[in-house]
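Those sequence lines, one after another, are chains A and B.
Numbering of the first sequence is given in our numbering, commencing with residue 14 and proceeding in unit increments.
Numbering of the second sequence is given in our numbering, commencing with residue 14 and proceeding in unit increments.
Beta carbons: idealized from backbone N, C-alpha and C, even for Gly.
On a predicted model such as this, the values are computed, not experimentally measured, just so you know.
Step one of this worksheet: look at the structure below.
2 protein chains.
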Amino acid sequence: MNKDFNYSNLKLGIIGGGQLGKIMSQKAKKMGFHVTILDPTFNCPAAQVSDKHIIGGFYDKEKLEQLVQESDVTTFELEHVDTTILKELFDNGHSIAPSPYVMELIQNKYEQKKLLDEKGIPVPAYKDVKTPEDLASFGFPVVQKSKLGGYDGQGVQVLKSQEDANTKAIQAESFIEEMVDIDKELAIIVARNIEGEIKCYPVVEMLFDERVNICDSVMAPANISKEIEEKSIEVSIKAIQALDGVGIFGVELFLTKSGEVQVNEIAPRPHNSGHYTVEACATSQFEQIIRAVTNLPLGSTKLISPAVMINLLGEVGYEGEPFIEGIHDALEIPELSFHFYGKSFTKPFRKMGHVTVLDDDINEALNKANKAKQILKIKGSKEV
Amino acid sequence: MNKDFNYSNLKLGIIGGGQLGKIMSQKAKKMGFHVTILDPTFNCPAAQVSDKHIIGGFYDKEKLEQLVQESDVTTFELEHVDTTILKELFDNGHSIAPSPYVMELIQNKYEQKKLLDEKGIPVPAYKDVKTPEDLASFGFPVVQKSKLGGYDGQGVQVLKSQEDANTKAIQAESFIEEMVDIDKELAIIVARNIEGEIKCYPVVEMLFDERVNICDSVMAPANISKEIEEKSIEVSIKAIQALDGVGIFGVELFLTKSGEVQVNEIAPRPHNSGHYTVEACATSQFEQIIRAVTNLPLGSTKLISPAVMINLLGEVGYEGEPFIEGIHDALEIPELSFHFYGKSFTKPFRKMGHVTVLDDDINEALNKANKAKQILKIKGSKEV
Chain A
14 MNKDFNYSNL KLGIIGGGQL GKIMSQKAKK MGFHVTILDP TFNCPAAQVS DKHIIGGFYD
74 KEKLEQLVQE SDVTTFELEH VDTTILKELF DNGHSIAPSP YVMELIQNKY EQKKLLDEKG
134 IPVPAYKDVK TPEDLASFGF PVVQKSKLGG YDGQGVQVLK SQEDANTKAI QAESFIEEMV
194 DIDKELAIIV ARNIEGEIKC YPVVEMLFDE RVNICDSVMA PANISKEIEE KSIEVSIKAI
254 QALDGVGIFG VELFLTKSGE VQVNEIAPRP HNSGHYTVEA CATSQFEQII RAVTNLPLGS
314 TKLISPAVMI NLLGEVGYEG EPFIEGIHDA LEIPELSFHF YGKSFTKPFR KMGHVTVLDD
374 DINEALNKAN KAKQILKIKG SKEV
Chain B
14 MNKDFNYSNL KLGIIGGGQL GKIMSQKAKK MGFHVTILDP TFNCPAAQVS DKHIIGGFYD
74 KEKLEQLVQE SDVTTFELEH VDTTILKELF DNGHSIAPSP YVMELIQNKY EQKKLLDEKG
134 IPVPAYKDVK TPEDLASFGF PVVQKSKLGG YDGQGVQVLK SQEDANTKAI QAESFIEEMV
194 DIDKELAIIV ARNIEGEIKC YPVVEMLFDE RVNICDSVMA PANISKEIEE KSIEVSIKAI
254 QALDGVGIFG VELFLTKSGE VQVNEIAPRP HNSGHYTVEA CATSQFEQII RAVTNLPLGS
314 TKLISPAVMI NLLGEVGYEG EPFIEGIHDA LEIPELSFHF YGKSFTKPFR KMGHVTVLDD
374 DINEALNKAN KAKQILKIKG SKEV
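Okay, structure coming up:
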């Protein structure tokens, strides 16, 4: 992409058609670009708001090739993608960002961790699991993670004892991580463009639904000291530079009880912890990725207002066509923005939508968000 | 629409597929609704971001009927629409907002003015033109306006003398208005939902391109006294109540040099003077209209940051496929949001996009916006 490129003609390809692809597409369309989505699901959220939908899976080499061939730039809303054909296309000069080499590295959580560790970025102690005995290396409890394929709490589990290690251990390739004494889970969205320009969004605090380990709400900014904030930013920038990544990266951090900041993992795409940027920052993460991968200057990441985001997960006990309970009452809450992704099927804990609440006072934003959370229920046509 | 309606299934119909319909559709999709656009142009801006496009004109009764029949709620992005079939459908219980009766009234600028006048809302002195002699009733200069069909400075002209009245007068049905001694042109976006709840956005100041009388930039908030602000809000609310309108209304106001606030005219749809609300307000005018016409509570209209919006008009001297000059440099300007509508053809003064600039300091926002305006040029593939 050189600067003389005619942006009004630019064709953007997005691998993945979920909620992240949907909002990315909406921002690309805002800027006047043409958007094609690759996703296996007919009428997926992103396809509803884009110019073209190639129906195909993320390991369908032919469809991946078609997308890249038809697009001036291809990017991702998810990391679980076949990289072999993408590497070939990338090596032949097609514009794909982040590069499929970066995607491949990040896909493997163990390799990701190793690289960060080698570059001097603080990470929790970790160890490859080659034999069942390795599971006991740090004692118990210990965290076991699949090297490949994990997301939203999948492929991660706590082994509390040798007994757990004997009976519950993940059988796929895995590694263990020490149990970190976590004070807070923080996150930063980092943007890096083709020229290496980097911008960080504010440090946010993630709160989790402990039942399924899915991010439940996000508070921006995090309630942390200036020192922790600076350390978090420094570590995150170093991590993205280490990866040589282009695009948007969700850097998940642990703040330990002893005040250390460690990188947990990195998502090479817009991230759930950055949804709040749509309403609360000068440039959303979803517009920022478009700017980054098309060689446009990065936008300001300034926080215009404190914000709290809560995920709307499918209620336990329901599946099928979604029904939104409480939308009227929730929309009475001032400075509340309601997102519903347009998925045709709900199931327990599926991410169906989110709301972002703004307030000059972050505690008031939290109150309003909690109120919304109590009111809004995503139920389904069928009880299960 | 009752409160038990399943909003995740709601089908919204929008008459008109330009930039206003595009952003409305994006906000409706954000909230999870299904959107169908009626517009005669293949690949019009709104069709690119919606679920379905019915290709048909705004006076094509069959297509208007199809849209209304297929939609749970139908609304408008423009006012020049055949209302006869819509009135029939409305009378038969279809949900259309604003009502076709309100649309019909507003279409006729003379009838609009007369109603406002009768309801005690201050308007400039006006007079029906029945004979050529009527043009001279207020002396010269005087403003002559077509009763029907005007927009973006079309159908409005200043007659400077009897000579002008003899040679240049609009031949269609028209009326005259006294030349108001204008200090500023102000505007307010007013939202009113089915239950009659009303919310006003901040009073803004509109600046015009004098060559063609098209709104060139908008400053939010306007630089006016508290007293003028309150008077403006009061007058605007009264005007929308007088119309009994449901939806979003752009109320254009004159602030006279003697400190009076008069209603110039009312647009029964999202308005160019409210583009800034996308980035600067808690709820944009484009989401607000969706809430208003679907019987959801209105969102907060709070100004989160001062803002300046500038229109990107097609450069004089060019037409054809648009080319954006200066986009790189413009996007270097912090807190600048770039909108490009995706029209396939530019011509002089055509609205091709806009930018909104935020800044805590409105004067700095103005500086940044003026810089963007100097940098960004929408040229075409052909010199004319």
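Who pairs with A:P335 in a beta bridge, going by DSSP? A:G393
Report the residue ranges of all alpha helix (DSSP H) runs contained in full by the segment 65-145 of chain B; include only those spanning at least 4 residues, in chain order. 74-83, 97-104, 113-120 and 122-131
Coil, strand or helix - A:D373 by DSSP: coil
Please tell me whether A:G45 has its Cβ less than 7 Å away from any Cβ of chain E. Checking the listed chains, one finds no chain E in this structure; the protein chains it contains are A and B.
At which residues does the alpha helix (DSSP H) containing B:I250 begin and terminate? K239 to L256
Sorted by chain position, which residues of the same chain lie with C-beta nearer than 7 Å to B:F188's C-beta, five sequence neighbours on each side aside? Y123, Y139, K140, D141, V142, K158 and K160
Opening and closing residue of the beta strand (DSSP E) in which A:A280 lies: V274 to A280
Under a CB-based cut-off of 7 Å, is B:D64 close to chain A? yes
From the DSSP output, in three-state form, read off A:L23 for me. coil
Listed by chain order, chain B residues near A:I317 by CB distance under 7 Å: I317, S318 and L371
Contact list for B:I388 against chain A, beta-carbon separation under 8 Å: Under the 8 Å cutoff, chain A gives no residues; its nearest Cβ is about 12 Å from B:I388.
Is the CB of B:F351 under 7 Å away from at least one CB in chain A? yes
Which residues in chain A sit within 8 Å of B:G366, going by Cβ to Cβ distance? G45
How would you list, in chain order, the residues of chain A whose beta-carbon sits under 8 Å from the beta-carbon of B:L344? R304, L309, P310 and G312
What residues of chain B sit near A:E348, judged by a beta carbon separation below 7 Å? A295, S313 and K315
Quick one: grab the DSSP three-state call for B:A185. coil
Count the other CB atoms, across all protein chains shown, that sit within 10 Å of the CB of B:V401; report buried if there are 16 or more and exposed otherwise. Coverage of chain B is limited to positions 14 through 397, which leaves residue 401 of chain B absent and any answer about it impossible.
Here's the rule I'm using: 16 or more other beta-carbon atoms within 10 Å means buried, otherwise exposed. How should B:G106 be labelled? exposed
Thinking just about the alpha-carbon of each residue, which of A:L129, A:K181 and A:Q254 is nearest to the one in A:L148? A:K181
What are the residues of the segment 94-128 of chain A that lie near chain B, defined by any Cβ-Cβ distance shorter than 8 Å? none
Does the beta-carbon of B:R224 have 16 or more other beta-carbons within 10 angstroms, so that it is buried, or is it exposed? exposed
Is there at least one Cβ from chain B nearer than 7 Å to A:G355's Cβ? yes
Check whether chain A comes within 7 Å of B:Y331, counting only Cβ atoms and requiring the distance to be less than that. no
Distance between B:S112 and B:A233 (C-alpha atoms, nearest Å): 29 Å
A:A60 burial status per 10 Å Cβ neighbour count (16 or more: buried): buried
List, in order along the chain, the chain A residues whose C-beta lies closer than 9 Å to that of B:I337? N19, Y20, S21 and G45
Test: B:L33 CB closer than 7 Å to a CB of chain A: no
Under the rule that 16 or more other beta-carbon atoms within 10 Å means buried, what is A:T144, buried or exposed? exposed
I want to verify the contact list: residues of chain B whose CB lies under 8 Å from the CB of A:K42, in sequence order. K35, Q39, Q61, V62 and G355
Per-residue burial, A:T369 [other beta carbons within 10 Å of its own, 16 or more giving buried]: buried
So, at 6 Å on beta carbons, what are the nonlocal neighbours of B:S249 in its own chain, with the 5 sequence-adjacent residues on each side left out? I201, V203 and V264
What's the gap between the Cα of A:L379 and the Cα of A:V321? 6 Å
The ligand ADP heavy atoms versus the CB of A:Q298: any closer than 6 Å? Absent from the structure shown: the ligand ADP. Ligands present: none.
Can you list, in chain order, the residues of its chain with a C-beta nearer than 6 Å to that of B:G70? Leave out the 5 residues immediately preceding and following it. P53
Taking B:V274 as the reference, give the member of B:L344, B:E83 and B:E218 with the closest Cα. B:E218
Nearest-angstrom Cβ-Cβ length linking B:V259 and B:V306, presumed shorter than 8 Å: 6 Å
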